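Numbering (our numbering), first residue to last: 7 to 426.
Right, dumping it as structure tokens:
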């Protein structure tokens with residue numbers, strides 16, 4: 007029997023603030039349970055993730071606080087590590103996208119796409135804040151979503167409907183920095199031939215018969231709506247610099263594409279740390295290996311459409327075996343959101359519940375197929391009525407009977423029969 011290699015790839019949180027319970031229920035406890043099962047079954051499990059340190063939410067927060075992006079990262083990445091330790095979530099590696107290893111891998115990925123003919127230079131218009139004298143990528147632009155009408159959409163995605171956006175699609179756009187209406191200015195970038203993958207992606211997605219319906223249906227619908235070429239670079243100094251200099255200074259790889267490359271760079275970093283530099287290939291180039299991506303449903307476009315297309319463009323790497331995207335966790339009917347302050351912080355729950363009890367309650371309420379509304383009362387009920395009253399009572403009875411009738415020792419089993 008050959009070894010079973012299982013890569014458990016877990017969504018990378020922005021290092022911009024404390025996590026809330028929705029993050030744990032939606033993206034971090036499920037893969038830990040999955041990885042524990044496969045380790046017990048004897049599989050060769052590699053579970054990786056890390057802090058996304060180059061997202062625009064980090065530079066936005068740094069601008070708001072008057073500090074550097076690095077100071078924001080250094081504040082929150084160690085906090086994530088403490089969360090995993092408190093909750094018993096066992097990553098083989100929880101790194102960041104700010105390592106030299108990730109820079110090397112991401113730049114190599116860029117060059118491979120360029121070599122394969124999937125990147126090209128293109129001059130386009132981008133929003134510019136005349137008051138601040140700077141270009142406005144992604145979350146630096148806010149406005150009204152053209153699809154659902156939410157007035158809180160960002161220039162990269164609408165949290166309300168989950169659609170990915172380009173800043174120019176927003177109705178009544180405004181600068182996050184000054185609140186003014188931005189103007190358009192020309193800038194040159196590398197573009198990705200995403201449109202070239204529409205047919206291959208659709209065929210591949212239609213073959214994913216064992217995926218959760220809401221994941222595969224969303225992805226298929228997105229591809230059928232039409233995939234358009236997307237900018238692969240941004241006018242930002244904070245990020246992975248381009249490995250080519252033909253666009254001039256101040257350009258970096260767009261964080262949407264660079265962050266998902268972390269699933270490829272983290273196993274390589276892990277292998278180096280083990281002293282076996284080529285060990286990552288057992289999970290990435292071995293055709294029998296399995297790769298599972300655990301995310302919330304707002305990340306379905308990136309993991310079920312964009313990342314597979316990037317892997318196709320690179321060539322020679324395994325496509326996802328499954329993308330178990332969970333539904334939203336809501337608090338009082340509103341989607342949990344770190345950026346909008348909806349839902350209690352994880353710190354609060356760790357102060358009021360034992361970690362194992364909290365894990366139990368969350369596991370009983372995982373939003374696998376439908377949005378799940380979490381309340382403090384329901385979590386307490388699960389712990390008190392199920393964990394303490396039911397399971398705790400069972401353990402107490404078994405222990406009492408063992409002490410009373412068997413001198414506190416577990417009896418040796420007899421010969422197994424057909425019933426056993």
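Quick reminder that beta carbons are idealized off the backbone N, C-alpha and C, glycines included. Just so it is clear, the structure is predicted and the values come from calculations on it, not from any experiment.
Own chain, CB closer than 8 Å to residue i, minus 5 neighbours either side, in chain order
{"i": "residue 405", "result": "none"}
{"i": "residue 86", "result": "19, 21, 25, 57, 100"}
{"i": "residue 413", "result": "none"}
{"i": "residue 48", "result": "10"}
{"i": "residue 92", "result": "356, 361"}
Other residues of its chain near residue i: CB distance less than 7 Å, five sequence neighbours each side excluded
{"i": "residue 369", "result": "35, 39"}
{"i": "residue 9", "result": "50"}
{"i": "residue 285", "result": "277"}
{"i": "residue 256", "result": "241, 243"}
{"i": "residue 149", "result": "159, 176, 177, 178, 179, 180"}
{"i": "residue 111", "result": "267, 270, 271, 274"}
{"i": "residue 64", "result": "20, 21, 22, 75, 78, 79"}
{"i": "residue 214", "result": "222"}
{"i": "residue 189", "result": "134, 136"}
{"i": "residue 427", "result": "Because the chain spans 7 through 426 in this model, residue 427 falls outside it and cannot be assessed."}
{"i": "residue 403", "result": "none"}
Proximal residues to residue i (C-beta, below 6 Å), its chain only, five neighbours per side dropped
{"i": "residue 325", "result": "314, 317"}
{"i": "residue 13", "result": "52, 289, 297"}
{"i": "residue 166", "result": "154, 156"}
{"i": "residue 336", "result": "377, 379"}
{"i": "residue 248", "result": "257"}
{"i": "residue 104", "result": "59"}
{"i": "residue 119", "result": "125, 319"}
Assigned secondary structure, residue i (DSSP; H/G/I helix, E/B strand, else coil)
{"i": "residue 270", "result": "helix"}
{"i": "residue 354", "result": "helix"}
{"i": "residue 336", "result": "strand"}
{"i": "residue 408", "result": "helix"}
{"i": "residue 290", "result": "helix"}
{"i": "residue 331", "result": "strand"}
{"i": "residue 256", "result": "coil"}
{"i": "residue 191", "result": "strand"}
{"i": "residue 159", "result": "strand"}
{"i": "residue 204", "result": "helix"}
{"i": "residue 25", "result": "coil"}
{"i": "residue 323", "result": "coil"}
{"i": "residue 198", "result": "strand"}
{"i": "residue 36", "result": "helix"}
{"i": "residue 308", "result": "helix"}
{"i": "residue 56", "result": "strand"}
{"i": "residue 250", "result": "coil"}
{"i": "residue 279", "result": "helix"}
{"i": "residue 240", "result": "strand"}
{"i": "residue 396", "result": "helix"}
{"i": "residue 140", "result": "strand"}
{"i": "residue 381", "result": "coil"}
{"i": "residue 7", "result": "Low local confidence applies: a pLDDT of 46 at residue 7 is under 50, so the model's placement there is unreliable, and no value is given."}
Range of the contiguous alpha helix (DSSP H) that encloses residue i
{"i": "residue 86", "result": "75–93"}
{"i": "residue 115", "result": "106–121"}
{"i": "residue 180", "result": "First-last for residue 180: 177–181, but that is the beta strand (DSSP E), not the alpha helix (DSSP H)."}
{"i": "residue 366", "result": "361–370"}
{"i": "residue 388", "result": "Premise fails: residue 388 is in no alpha helix (DSSP H) and is neither H nor E."}
Bounding residues of the beta strand (DSSP E) (the contiguous stretch that carries residue i)
{"i": "residue 70", "result": "Counting along the chain, residue 70 falls outside any beta strand (DSSP E), though it belongs to the alpha helix (DSSP H) covering 62–71."}
{"i": "residue 149", "result": "147–150"}
{"i": "residue 13", "result": "11–16"}
{"i": "residue 220", "result": "Element bounds for residue 220: not the beta strand (DSSP E) but the alpha helix (DSSP H), 219–230."}
{"i": "residue 296", "result": "296–302"}
{"i": "residue 319", "result": "No beta strand (DSSP E) holds residue 319; the alpha helix (DSSP H) holding it covers 313–320."}
{"i": "residue 126", "result": "125–135"}
{"i": "residue 102", "result": "99–102"}
Local Cβ density within 10 Å of residue i, reported as buried at 16 or more and exposed below that
{"i": "residue 352", "result": "buried"}
{"i": "residue 108", "result": "buried"}
{"i": "residue 139", "result": "exposed"}
{"i": "residue 416", "result": "exposed"}
{"i": "residue 75", "result": "buried"}
{"i": "residue 358", "result": "exposed"}
{"i": "residue 228", "result": "buried"}
{"i": "residue 163", "result": "buried"}
{"i": "residue 132", "result": "buried"}
{"i": "residue 419", "result": "exposed"}
{"i": "residue 364", "result": "buried"}
{"i": "residue 305", "result": "buried"}
{"i": "residue 17", "result": "buried"}
{"i": "residue 193", "result": "buried"}
{"i": "residue 128", "result": "exposed"}
{"i": "residue 217", "result": "buried"}
Legend entry - Three CB pairs or more closer than 8 Å across the stretch 232–240 and the stretch 69–77: no
Inset, instruction - Would you be able to state if there are at least three C-beta pairs under 8 Å between the stretch 97–117 and the stretch 258–268? - result: yes
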